[in-house]
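Here's the structure, in structure tokens; my notes come after.
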Amino acid sequence: MLRPLGGGREWQADPAHLRPATQDERLSAGVRAVNERARAAAVAFLDVELPAPPAPVPGCAECDGLADRRRRAWLRYDGSGEADANVLLRRHLAEEHGAEHEEVRGGGAGQPNWPTL
Numbered sequence: 001m002l003r004p005l006g007g008g009r010e011w012q013a014d015p016a017h018l019r020p021a022t023q024d025e026r027l028s029a030g031v032r033a034v035n036e037r038a039r040a041a042a043v044a045f046l047d048v049e050l051p052a053p054p055a056p057v058p059g060c061a062e063c064d065g066l067a068d069r070r071r072r073a074w075l076r077y078d079g080s081g082e083a084d085a086n087v088l089l090r091r092h093l094a095e096e097h098g099a100e101h102e103e104v105r106g107g108g109a110g111q112p113n114w115p116t117l
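At position 15 of the sequence shown the residue is numbered 15 (our numbering), and the sequence of numbers has no breaks.
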């Protein structure tokens, strides 16, 4: 049975297809685990839910590009890049979509809106 470096669900794997994790993979997994613990601690300490990531407006190329940027950062376990993409997407939504965006916003505060794989 295998388990991610930072903890999580175990899974089975064929030993012939295994290799040791690279230094970068170990570092990324460790950083992600620390970020997840910090997020959970912030929610518990503050007793508030963190806001859901902004949802792109359907059909907007700029929104789609920023959402893809956020997704790629999330896949790299790059919390800083993910946060940057969220800031840029929120700014774009406010400047380009204004009140129109209120009707299509996904999820409420505390409801995960993570990028799909």
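Quick reminder that beta carbons are idealized off the backbone N, C-alpha and C, glycines included.
As the structure is a prediction and not an experimental result, all values here were calculated from the model.
Buried or exposed (CB count within 10 angstroms, at least 16 for buried), residue 37:
The residue is exposed, with fewer than 16 neighbouring Cβ atoms inside 10 Å.
Helix, strand or coil for residue 2? Go by DSSP, reduced to three states.
It is a strand residue.
Thinking C-alpha only, which one of 23, 32 and 11 is nearest residue 74?
Considering only 23, 32 and 11, the residue with the shortest C-alpha distance to residue 74 is 32.
What is the rounded straight-line gap between the Cα of residue 69 and the Cα of residue 51?
Cα to Cα, residue 69 sits roughly 19 Å from residue 51.
I need the straight-line Cα distance from residue 45 to residue 34, nearest angstrom please.
Approximately 16 Å between the Cα atoms of the pair.
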